[in-house]
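Participant: Questions regarding the structure given below will be posed in turn.
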Amino acid sequence: MYYLIFTTYGAFLLEHSEDLSLESIKHYKIFPEEEIPEIMYQLRRGNFQIVDKLKEEWNLRDDGEVIVEYLEEEPTPPGRFIRGHIYTLGKRYRVFNSYEEFIEKTNLWATELTKLLMKEASERKDKLIIQTVSALDDLDETLNLFSERLREWYSLYFPEMDKIIKKHELYARLVSQCLKRENFTRTRLKEFLPSKTAKILSKAAKNSMGAELSERDLSIIKEFADEILSLYNLRNKLLEYLEELMEETAPNLTKLAGPSLGARLISLTGGLERLSKLPASTIQVIGAEKALFAHLRLGADPPKHGVIFQHPLIQGSPWWIRGKVARALACKLAIGIRADVFGNYIADELLEALNKRVEEIKRKYPEPRKKPSRKRMEKSKRKKGGKKKKKVKKGKKIIGKTSSKW
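When you line the sequence shown up against this note's numbering, it's residues 2 to 407, in that order.
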């Protein structure tokens with residue numbers, strides 16, 4: 002039985018025996034120094050092509066005669082022996098000449114390996130998803146802030162429009178396209194609004210109580226509205242880009258949860274691989290951490306769902322079964338996410354099973370359960386805790402009159 006042991010600078014083949022020594026080494030291979038970080042990186046990723054090359058070079062049979070320690074669950078005695086003599090062997094085979102050089106080269110190889118691992122992590126698509134979600138969050142915050150400012154600013158000129166037009170993007174578009182009150186005609190407004198709303202807004206423009214602003218003032222407001230619209234266009238492009246990334250990176254999660262919700266789950270957990278390691282019970286309450294810790298610390302009601310509440314199946318269900326639907330959805334999401342990590346597409350089967358499960362829940366619980374009455378709850382508490390003790394109220398001490406007999 003032979004053992005193949007990898008070190009930072011080479012590979013050693015030892016014949017297993019009770020008395021291990023340097024003479025137990027049957028074959029060895031010292032790697033070129035410039036290739037060492039790449040070899041370590043490939044081994045770390047699970048690429049063992051170098052093992053086949055070494056077996057071919059040393060004329061070893063591929064019949065289980067050679068045990069690769071890197072694939073074993075626990076360190077082997079030959080592996081411990083080699084690592085215990087790593088400096089002695091390196092000096093013996095002229096990898097380094099002194100202990101200081103040994104430390105210096107080991108640090109250099111470890112640094113280069115770390116760079117390769119960081120490069121791999123940066124190239125992963127889920128990191129792009131996380132950054133895109135963060136960019137969309139920042140953009141939404143900015144758009145809300147800018148839209149509120151535009152409403153306050155333009156309300157000096159046309160205050161009635163603020164209450165009629167609720168959507169920020171439409172408000173900015175009307176300011177940009179119409180700007181002056183006399184341009185708010187029914188014919189012009191029908192391009193953007195239903196006829197009824199266009200009629201109301203055109204009438205409000207004719208009878209507006211807003212102040213008169215100069216051409217210069219209005220042109221600045223228009224430029225501000227144009228910038229807001231450009232930000233909305235950027236947001237739409239980011240959403241399209243996010244959908245493409247999700248389809249490419251996590252097709253199962255995208256099919257089950259949708260691109261926006263799926264991307265939010267990846268962002269909150271820090272990556273697809275981390276998300277795949279979470280149980281369904283944790284996926285169910287992602288985003289509801291405050292409520293969860295309030296339940297654990299203060300005894301409040303546990304949260305039934307976190308961000309997955311945005312899913313149509315949960316929102317479209319009656320309130321009394323949303324927790325059960327969220328649990329069913331989280332179970333299927335957990336399976337789909339793990340399939341995404343390992344590259345299998347099973348979303349259609351999962352979605353069909355999920356819809357069946359939701360229908361079963363709706364049939365089983367058509368109405369909310371009746372809460373037990375207060376008397377019934379008290380009886381159940383007495384059964385659990387025994388007889389109910391009477392509370393003795395502490396009152397004032399009563400001092401009676403002295404009897405005449407005494």
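In this text, a Cβ means the ideal position worked out from N, Cα and C, and glycines have one as well.
Could you tell me if H306 is buried or exposed, where buried requires 16 or more neighbouring beta carbons within 10 angstroms of its beta carbon?
Facilitator: Indexing the sequence shown from 1 puts residue 306 at position 305. It is buried - the Cβ of H306 has at least 16 other Cβ atoms within 10 Å.
Participant: Quick one, are the C-beta atoms of V67 and L23 less than 8 Å apart?
Facilitator: Your numbering for residue 67 matches position 66 in the sequence shown. Your numbering for residue 23 matches position 22 in the sequence shown. Going by C-beta atoms, V67 is not nearer than 8 Å to L23.
Participant: Please report the distance separating the alpha-carbon of L262 from that of E101.
Facilitator: In the sequence shown, counting from the first residue as 1, residue 262 sits at position 261. In the sequence shown, counting from the first residue as 1, residue 101 sits at position 100. For L262 and E101, the distance between alpha carbons rounds to 53 Å.
Participant: Give the DSSP-derived three-state secondary structure of V326 in the structure shown.
Facilitator: By 1-based counting over the sequence shown, the position of residue 326 is 325. V326 falls in the helix class under three-state DSSP.
Participant: So for E16, helix, strand or coil by DSSP?
Facilitator: The residue you call residue 16 lines up with position 15 of the sequence shown. Correct three-state label for E16: strand.
Participant: Can you give me the C-alpha to C-alpha distance between G271 and M119, rounded to a whole angstrom?
Facilitator: In the sequence shown, counting from the first residue as 1, residue 271 sits at position 270. In the sequence shown, counting from the first residue as 1, residue 119 sits at position 118. Their Cα atoms are separated by approximately 15 Å.
Participant: State the DSSP-derived secondary structure class of F193, mapped to helix, strand or coil.
Facilitator: As a position in the sequence shown, residue 193 is number 192, starting the count at 1. Coil, per DSSP.
Participant: If distances are taken between C-alpha atoms only, which option among L314, T107, F7 comes closest to L438?
Facilitator: The requested residue 438 is not part of the displayed model; the chain covers only 2 to 407.
Participant: Could you tell me which residues DSSP pairs with Y3 in its beta bridges?
Facilitator: Taking the first residue of the sequence shown as position 1, residue 3 is located at position 2. BP columns for Y3 point to E16, V67.
Participant: If you count every other CB in all the chains shown that lies within 10 Å of the CB of L14, and 16 or more means buried, which is it?
Facilitator: What you label residue 14 is simply residue 13 of the sequence shown in a count that begins at 1. L14 should be labelled buried.
Participant: With respect to the beta strand (DSSP E) encompassing I26, which residues constitute its N-terminal and C-terminal limits?
Facilitator: Translated into positions along the sequence shown, residue 26 becomes position 25. Start and end: 26 to 31.
Participant: Check the DSSP bridge columns for G11 and list the partner residues they point to.
Facilitator: On the sequence shown, residue 11 is found 10 positions in, with the first residue counted as 1. According to DSSP, G11 bridges with I31.
Participant: Below 8 Å between beta carbons: does that hold for Y3 and E19?
Facilitator: Within the sequence shown, residue 3 is the residue found at index 2, counting from 1. Within the sequence shown, residue 19 is the residue found at index 18, counting from 1. Their beta carbons are not under 8 Å apart, which means Y3 does not touch E19 by this criterion.
Participant: Is the distance from the Cβ of A329 to the Cβ of L351 below 8 Å?
Facilitator: In the sequence shown, residue 329 corresponds to position 328, counting from 1. In the sequence shown, residue 351 corresponds to position 350, counting from 1. No, these two residues do not count as a Cβ contact at 8 Å.
Participant: Cα separation between N108 and G11?
Facilitator: Stepping through the sequence shown from its first residue, residue 108 is reached at position 107. Stepping through the sequence shown from its first residue, residue 11 is reached at position 10. If you take the alpha carbons of N108 and G11, they lie about 16 Å apart.
Participant: Pick helix, strand or coil for K305, following the three-state DSSP scheme.
Facilitator: By one-based count along the sequence shown, residue 305 stands at place 304. Three-state DSSP puts K305 in coil, outside helix and strand.
Participant: Beta carbon of L157, beta carbon of A173: below 8 Å?
Facilitator: Residue 157 sits at position 156 when you count from the first residue of the sequence shown. Residue 173 sits at position 172 when you count from the first residue of the sequence shown. No, the Cβ-Cβ distance between L157 and A173 is not below 8 Å.
Participant: Write down every uninterrupted run of the alpha helix (DSSP H) in the stretch 237 to 301 whose length is 4 residues or greater and which is fully enclosed by it, in chain order.
Facilitator: Runs found: 252 to 258, 260 to 270, 273 to 277, 281 to 285, 290 to 299.
Participant: So, are the CB atoms of N208 and Y346 less than 8 Å apart?
Facilitator: For the purposes of this step, residue 208 is taken as residue 207 along the sequence shown, with counting starting at 1. For the purposes of this step, residue 346 is taken as residue 345 along the sequence shown, with counting starting at 1. Not in contact: N208 and Y346 (Cβ atoms no closer than 8 Å).
Participant: Within its chain, find whatever has a CB closer than 7 Å to the CB of F185; leave out the 5 residues flanking it on each side and keep chain order.
Facilitator: Taking the sequence shown and counting its residues from 1, the one referred to as residue 185 is at position 184. Result list for F185: C179, L202, S203, A206, in chain order.
Participant: Do you know offhand how far S215's Cα is from K181's?
Facilitator: Reading the sequence shown from its first residue, position 214 is the one you call residue 215. Reading the sequence shown from its first residue, position 180 is the one you call residue 181. Using only the alpha carbons, I get a separation of about 10 Å.
Participant: Tell me which residues share the same chain as D227 and place their Cβ nearer than 6 Å to its Cβ, disregarding the 5 neighbours each side in the sequence.
Facilitator: The residue given as residue 227 occupies position 226 in the sequence shown. Correct list, in chain order: S177.
Participant: What does the Cβ neighbour count give for R265, buried or exposed, with the cut at 16 atoms within 10 Å?
Facilitator: Mapped onto the sequence shown, residue 265 falls at position 264. So R265 ends up on the buried side.
Participant: Pick out whichever of D349, K167, W320, I87 has its Cα sitting closest to the Cα of E368.
Facilitator: As a first step, residue 368 is located in the sequence shown; it is residue number 367 there, counting from the start. That would be W320, whose Cα lies nearest to the Cα of E368.
Participant: Terminal residues of the continuous alpha helix (DSSP H) containing H312?
Facilitator: Taking the first residue of the sequence shown as position 1, residue 312 is located at position 311. Note, H312: premise wrong, no alpha helix (DSSP H); not H, not E.
Participant: Indicate whether Y29 and L114 have their beta-carbon atoms separated by less than 8 Å.
Facilitator: Here residue 29 refers to the residue found at position 28 when the sequence shown is read from its first residue. Here residue 114 refers to the residue found at position 113 when the sequence shown is read from its first residue. In this structure, L114 does not lie closer than 8 Å to Y29 by Cβ.
Participant: Reducing DSSP to helix, strand and coil, say where A212 ends up.
Facilitator: On the sequence shown, position 211 is the one that residue 212 refers to. Of the three classes helix, strand and coil, the one that applies to A212 here is coil, per DSSP.
Participant: Mind checking which residues open and close the alpha helix (DSSP H) that includes E39?
Facilitator: The residue given as residue 39 occupies position 38 in the sequence shown. 37 to 46 is the extent of the alpha helix (DSSP H) around E39.
Participant: Check K168 in the structure and name its three-state DSSP category.
Facilitator: Position 167 of the sequence shown, counted from the start, is the residue given in the question as residue 168. In the structure shown, K168 sits in coil (DSSP, three-state: anything other than H, G, I, E or B).
Participant: Would the stretch 321 to 340 and the stretch 234 to 249 be scored as touching if the rule is three or more Cβ pairs under 8 Å?
Facilitator: Flag = no, the stretch 321 to 340 and the stretch 234 to 249 do not touch.
Participant: With respect to the alpha helix (DSSP H) encompassing V1, which residues constitute its N-terminal and C-terminal limits?
Facilitator: In this structure the chain extends from 2 to 407, so residue 1 is not present and cannot be described.
Participant: Which one of E36, L117, P76, E58 has the shortest CA to CA distance from R46?
Facilitator: As a working mapping, residue 46 is identified with position 45 in the sequence shown. Checking every option, the nearest Cα to that of R46 belongs to L117.
Participant: Determine whether the beta carbon atoms of S282 and R339 lie at a separation below 8 Å.
Facilitator: The sequence position of residue 282 within the sequence shown is 281, counting from 1. The sequence position of residue 339 within the sequence shown is 338, counting from 1. Their beta carbons are not under 8 Å apart, which means S282 does not touch R339 by this criterion.
Participant: Within 10 angstroms of its Cβ, does I131 collect 16 or more other Cβ (buried), or is it exposed?
Facilitator: Within the sequence shown, residue 131 is the residue found at index 130, counting from 1. Buried, since its Cβ has 16 or more Cβ neighbours within 10 Å.
Participant: Starting from the Cα of C155, find the closest Cα among F343, E224, K256 and give me that residue.
Facilitator: Here residue 155 corresponds to residue number 154 of the sequence shown, with the count starting at 1. Before going on, a small fix: residue 155 reads as Tyr here, not Cys. For the residues F343, E224, K256, the minimum Cα distance to Y155 belongs to E224.
Participant: Pick out whichever of L90, K333, L171 has its Cα sitting closest to the Cα of L194.
Facilitator: Numbered from its first residue, the sequence shown carries residue 194 at position 193. Residue L171 is the option with its Cα nearest to L194.
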